[in-house]
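**Student:** Take a look at the following structure, please.
Numbering (full-length UniProt numbering), first residue to last: 1 to 703.
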């Protein structure tokens, strides 16, 4: 009695190890099989052959589309064990079937597909019982169906070992894969159920979470190959149905990544390949004829096989069932988003960098599809909520931050847009490089188009490649000599090289063709100030106001042009103020600034100009107040920061520190009065570096 109980425990332990893929324990357990030498010798051969084959596949995994080869002596040893178990004929019928299935699997691993099909023909897979079968046998049957499908795919249709029409053969391949996938889901559910029961029986305390079961090449093929063939054959209806069958099965830890991938793929099909008219609910039977399917595809739209035992599915009275394609796609994407957030790799250590990139890429695809689905419905607030959940693993990831910024902007919140754009300055450079590349291609495809040459010159100018930009803008002018934009760009490029007189000549030539172009007039004022002084620039400013009055009818303004004319007028006033400050006329500059402020009260440029007028009049405190208000509106306004720095540097405490330095500092004091646009800003750093005042730290932060 004791020996029988011991044998039962041993058989149960062997069965458990086979079900949990603990093949390294099998050889030790085989040594303990000694109760019935004759039968157990054959069973030992079977177990040793299976364990060595599984260990070989674990160490030499099969790659997609190839067979695992190498270390042939180990496979020969596996065949020796299985042949010994089969030839003696002492095995029980169920173990004899298992040995035959393992022999077929071994033949496929060795690359002999006909021999594998011959082995499977000796065992009728459809007659093997699933009800009451041990867990490990479910895995063997699922792998056998997948291996049979692989062999049928690899052998040519005219092979002597195959019979029947090509359509029947294709259907048999699909049936093998679908049966393999269903039985694989059932196997994984039973493994997880057994592991959970084992943990509960071993200890009343909650134990650690068990490791997830490895699928392996054959089970993974059975789960993923069927829908690929359906879509390849043009049977979209059956492919969508197969996706839904896998997703409705009760989830296990092993299939979580697979479910996330399938949910994302199904959502993409629903969004891009299915309309509302061709949609059917998951609980409804698919239509017999669907416009989604290839009319030349002979495959049926419904499953044409039955299993004695199927994987468990989610069921209940209060389950939600979508009624349209966008609704189902959104449900799938929200599930995928939840799984992506749960499995996101948050660690920033170098060892996890590869896993972090993979999880981020997977999540980005989900959020891109969510953007499409929710954007169609105008649900930008919901989209922003989803994207906010991704921020925990989106550190310095411009794409997700930019998606969040756009969703918030669409929802009426734009504050985060500034942060997302300022986050990665290299991305802006990358965009400029991309635009430059596009402009190069456009110009090469259309060398006689002046606009292509102009935009290429513009992108080169943005990239600070001034000589190259000059070459292309001159080429644009050769093609279209009176193009106002090319003429203006040429003048700006010449001014960038400090050829101010040449630039002014270009502007005057352009104004002879376009006398009412305000942008040309603005540039002319700047150039005249540098070339001829502010007195002549003031005449151009007055001419601008006369043009504005003649173009804009104050009694009946056109609405669509009103903003343009108002902006032109305000900018004219601003230019007037700049010129008057250069002429040291604070009263006139103040009048222009006040009128500009009535048009643009929240313009940081106008507030900065008020500060300059106050500084010109000697009101230092008032000037500081205007500069601070300008910075409160635009914290990155460099000119305001520069003027505040100069004013603080000229304070009494700073001058006391400066006077104690060497005599060479006196030669640089004139730079303190340099205009904001002059290089004196950089020379003032020498004063800052020498000063010892405690307030200098604030100046460093300002600069």
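Cβ coordinates follow ideal geometry from the N, Cα and C atoms, glycine included.
#1: Ends of the alpha helix (DSSP H) at residue 626?
#2: So, for residue 150: in the same chain, excluding its five sequence neighbours on each side, which residues have a beta-carbon less than 7 Å away from its beta-carbon?
#3: When you compare the CB of residue 248 with every CB in chain D, is at least one pair closer than 7 Å?
#4: Report all residues from its chain with a CB closer than 8 Å to the CB of residue 624; omit the five preceding and five following residues, and keep chain order.
#5: Under 8 Å, with one C-beta from each stretch per pair, do the segment 12-32 and the segment 54-62 reach the 3-pair mark?
#6: So residue 393 is in the alpha helix (DSSP H); what residue range does that whole segment cover?
#7: Which of helix, strand or coil does DSSP assign to residue 613?
#8: Answer yes or no: do residue 387 and residue 361 have a C-beta to C-beta separation smaller than 7 Å?
#9: By the 10 Å Cβ neighbour count, where 16 or more other Cβ atoms means buried, how is residue 495 classified, buried or exposed?
#10: Opposite residue 313 in the DSSP bridges: which residues?
#11: The alpha helix (DSSP H) spanning residue 260 covers which residue range?
#12: Go ahead and label residue 187 buried or exposed: buried means 16 or more other beta carbons lie within 10 angstroms of its beta carbon, across all protein chains shown.
#13: Could you tell me if residue 350 is buried or exposed, where buried requires 16 or more neighbouring beta carbons within 10 angstroms of its beta carbon?
#14: Ignore the nearest five residues each way along the sequence and tell me which others in residue 105's own chain have a CB closer than 8 Å to its CB.
#15: For residue 182, name the three-state secondary structure that DSSP assigns.
#16: Anyone know if the C-beta pair for residue 263 and residue 336 falls short of 7 Å?
#17: Could you tell me which of 223, 30, 409 sits nearest to residue 181, measuring between CA atoms?
#18: If you reduce the DSSP assignment to three classes, tell me which class residue 448 lands in.
#19: Ordered along the chain, which non-local residues of its own chain (more than five positions away) have a Cβ less than 7 Å from that of residue 503?
#20: So, with DSSP's three-state summary, where would you put residue 97?
#21: Residue 197 to residue 385, Cα distance in whole Å?
#22: Do residue 322 and residue 333 have their C-beta atoms closer together than 7 Å?
#23: Hey, residue 487 and residue 452: beta-carbon distance below 7 Å or not?
#24: To the nearest angstrom, how far is it from the Cα of residue 357 to the Cα of residue 94?
#25: What do you reckon, are the CB atoms on residue 587 and residue 581 nearer than 7 Å?
#26: Would you report the Cα separation of residue 619 and residue 593, rounded to the nearest angstrom?
#27: How is the alpha helix (DSSP H) around residue 355 delimited, first residue to last?
#28: In three-state terms, what does DSSP make of residue 89?
#29: Within this structure, are the beta carbons of residue 450 and residue 482 separated by less than 7 Å?
#30: Indicate the three-state DSSP secondary structure (helix, strand or coil) for residue 284 in the structure shown.
#31: Is it the case that the Cβ atoms of residue 355 and residue 365 are separated by a distance below 7 Å?
#32: Under the assumption that residue 113 contacts residue 154 (Cβ atoms under 8 Å), give the Cβ distance between them as a whole number of angstroms.
#33: Using 10 angstroms around the beta-carbon of residue 318, count the other beta-carbons present and answer buried if the total reaches 16, otherwise exposed.
#34: Can you tell me the Cα-Cα spacing of residue 16 and residue 132, whole angstroms?
#35: Have a look at residue 82 and residue 47 and give me their C-alpha separation to the nearest angstrom.
**Tutor:** Result, derived from the coordinates:
#1: 620-633
#2: 108, 221
#3: You won't find chain D in this structure, because it holds only one protein chain.
#4: 611, 644, 647
#5: yes
#6: Careful: residue 393 lies outside any alpha helix (DSSP H) and carries neither H nor E.
#7: helix
#8: no
#9: buried
#10: 249
#11: 256-272
#12: buried
#13: exposed
#14: 53, 116, 143, 144, 147, 218
#15: helix
#16: yes
#17: 223
#18: coil
#19: 491, 494, 495, 527
#20: helix
#21: 39 Å
#22: no
#23: no
#24: 47 Å
#25: no
#26: 16 Å
#27: 353-377
#28: coil
#29: no
#30: coil
#31: no
#32: 5 Å
#33: exposed
#34: 15 Å
#35: 9 Å
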